[in-house]
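Undergrad:
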Amino acid sequence: MPLTTADVPARFLQAALLVGHIPLRAVACDPRVSYALYVPPHHYNPRPAQGEDKLPLLVYMHGTRRDISAIHDAHGLVAFAEATPCAVLGPLFPAGLDGPNDIDSYKLLRSKTLRSDLVLPAMLDEIAQRWPGVRTEKIFMMGFSGGGQFAHRFLYLYPERLAAVSVGAPGRVTSLDSQKKWPRGVADGEALFSRTVQGDMVRKVPIQLVIGGADNVVHGGEEFWVWLRQMKARDRSGTVEAGGYENSDLPQMDQGRLELIHVHTSTSCRAWLTMIKGFENLSFSSCALICSPEAPCRLR
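Using the numbering used here, read the sequence shown as starting at 79 and increasing by one per residue.
Given below as structure tokens:
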């Protein structure tokens, strides 16, 4: 049985590496995937009685470069966790899971060898068991770029697990279109994930959409994408397209972002747009995301 914070005297929690920065852990259901966790030592109750408040959990979803250093930044997420207070989870889906060219499989939630939509709930189950003072039934999620892709797709499938979500500058998006197949739309969501996309549930979740005011440069430049399309035309094995550099069937850059903004702000979704002037690429230090002053929700 795994050691839980309820098993350890409070004075030994830090020595047992159960509060503060938790060592990177493999997920039991898929050890290829791991996660970092920060639990603020002075705000954590290791044995909450029934009905007592637990620490809310913020999930920081990495982008394509797999940079989760923000969870170790004393002036970034650590300071935010201490001030809020909340715990912070940083999942890490490594590149190469579906093949040597795979860097995108986690973003689409389902691929040849990975169900990232199931791995995250499994992480939450592990945290609920080992850290009973962290609230995992409903989480807050933030993600930039590739992390924003994961975040808005996870919202479609698991709205009941999200208290609020902040989607920052996703390069390619999935629309709530029941006529288009995944990942362009959600027509076959039930067949692929055994879950029905429920628009009424999605509309209940506060959604922040964040873009940089100067974020209008296509990654790699137009020449790179021309080369990539030519390479895919030569490679009919499916290796690159299934898990390679960004599924080119999806709308790119502004087209997809504007579509996502339109879908969520023109319906009854609880969505608002934040534009960060002067920024090309967003990071945690660029804006406070979910906890920005204009946000209608807080992590409590």
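Yeah, the Cβ is synthetic: ideal placement off N, Cα and C, and Gly gets one too.
Under the DSSP definition of a beta bridge, which residues are partnered with Leu192?
TA: Looking at the DSSP assignment, Leu192 forms no beta bridge with any residue, so it has no partner.
Undergrad: If you draw a straight line from the alpha carbon of Ala241 to that of Arg250, how long is it in whole angstroms?
TA: If I take the Cα positions, the gap works out to 23 Å.
Undergrad: For Asp263, collect the residues of the same chain with a Cβ closer than 7 Å to its Cβ; drop the 5 residues on either side in sequence, then sort them by chain order.
TA: It is Gly, not Asp, that sits at residue 263 in the sequence shown. Counting only Cβ-Cβ distances below 7 Å, and skipping sequence neighbours, we find Thr252, Ser253, Asp255, Ser256 and Gln257.
Undergrad: Exposed or buried, His230, counting other C-beta atoms within 10 Å across all chains shown (16 or more means buried)?
TA: The residue is buried, with at least 16 neighbouring Cβ atoms inside 10 Å.
Undergrad: What are the complete alpha helix (DSSP H) segments, minimum 4 residues, inside the region 247–293?
TA: Within the region 247–293, the complete alpha helix (DSSP H) runs of at least 4 residues are 267–271 and 277–280.
Undergrad: Pull up the distance between the alpha-carbon of Pro87 and that of Asp131, whole angstroms please.
TA: Each residue's Cα considered, the two are about 20 Å apart.
Undergrad: What is the C-beta distance between Ser112 and Ala106, in whole angstroms, given that I count them as a contact (C-beta under 8 Å)?
TA: Incorrect: roughly 11 Å between the Cβ atoms, too far for contact.
Undergrad: Tell me whether Trp209 is buried or exposed, calling it buried when 16 or more other Cβ atoms sit within 10 Å of its Cβ.
TA: So Trp209 counts as buried.
Undergrad: Would you call the CB atoms of Leu96 and Thr83 closer than 9 Å?
TA: Contact: yes.
Undergrad: Taking the beta strand (DSSP E) that Gly98 falls in, what are its first and last residues?
TA: Element bounds for Gly98: Gly98 to Val105.
Undergrad: If I measure Cβ to Cβ from Val137 and keep anything under 6 Å in the same chain, skipping five residues before and after, which residues do I get?
TA: The residues are Leu167, Ile217 and Met219.
Undergrad: Between which residues of its own chain and Gly321 is the CB-CB distance below 8 Å, once the five residues before and five after are set aside?
TA: Because the pLDDT of Gly321 is 42, which lies under 50, any placement of that residue in the model is unreliable, and the question is left without a value.
Undergrad: May I have the straight-line CA-CA distance separating Lys259 from Val275, to the nearest angstrom?
TA: C-alpha separation (whole angstroms): 12 Å.
Undergrad: In the DSSP assignment, what are the bridge partners of Leu115?
TA: Note: Leu115 sits in a beta bridge opposite Ile100 and Leu167.
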